[in-house]
Amino acid sequence: MAETREEWIKKRAYALWEEEGYPTGRDSIHWEQARHEREALEGSAANGKEAKSKAKRAVTAPKSVATGAKTNGVVTPGPKRTASRKTAS
6 MAETREEWIK KRAYALWEEE GYPTGRDSIH WEQARHEREA LEGSAANGKE AKSKAKRAVT
66 APKSVATGAK TNGVVTPGPK RTASRKTAS
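Numbering (my numbering), first residue to last: 6 to 94.
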């Protein structure tokens, strides 16, 4: 069962409180820090989904478009690759 956003914040705030040695009067600071961390995670997860969908579209692009330039419906080949060799010194 997945925990709710509120449960995650509560557990993280408690962990922060423990890490600081159980100080008194800092509960709201720990709660806000945990809330900001959760928002950052949610933001990065949303960006990750967007990046994955962009990557998926790039992978499914036609090979002719990916390797050469397309101008006015005509695909021109990309630059030729040449093998390079290192010489022993």
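Don't be surprised by glycine CBs; every beta carbon is placed ideally from N, CA and C.
Please report how far the alpha carbon of residue i lies from the alpha carbon of residue j, in whole angstroms.
{"i": "GLU11", "j": "ARG40", "result": "9 Å"}
{"i": "TRP36", "j": "SER49", "result": "20 Å"}
{"i": "GLU23", "j": "ALA7", "result": "24 Å"}
{"i": "GLU47", "j": "TYR19", "result": "20 Å"}
{"i": "THR29", "j": "THR9", "result": "26 Å"}
{"i": "ASP32", "j": "ALA51", "result": "29 Å"}
{"i": "TYR27", "j": "LYS15", "result": "15 Å"}
Between residue i and the rest of its own chain, which residues show a CB-CB distance below 7 Å, the 5 nearest in sequence each way excluded?
{"i": "LEU21", "result": "HIS35, GLN38 and ALA39"}
{"i": "TRP13", "result": "ARG43"}
Just to confirm my understanding: we take residue i, look at its own chain, exclude 5 residues before and 5 after, and list those with CB closer than 8 Å. What are they?
{"i": "GLU42", "result": "ARG17"}
{"i": "ALA45", "result": "none"}
task: Note down, one range per segment and in chain order, each beta strand (DSSP E) of at least 3 residues found wholly within the stretch 22 to 52.
output: If we require 3 residues or more, the stretch 22 to 52 turns out to have no beta strand (DSSP E) run fully inside it.
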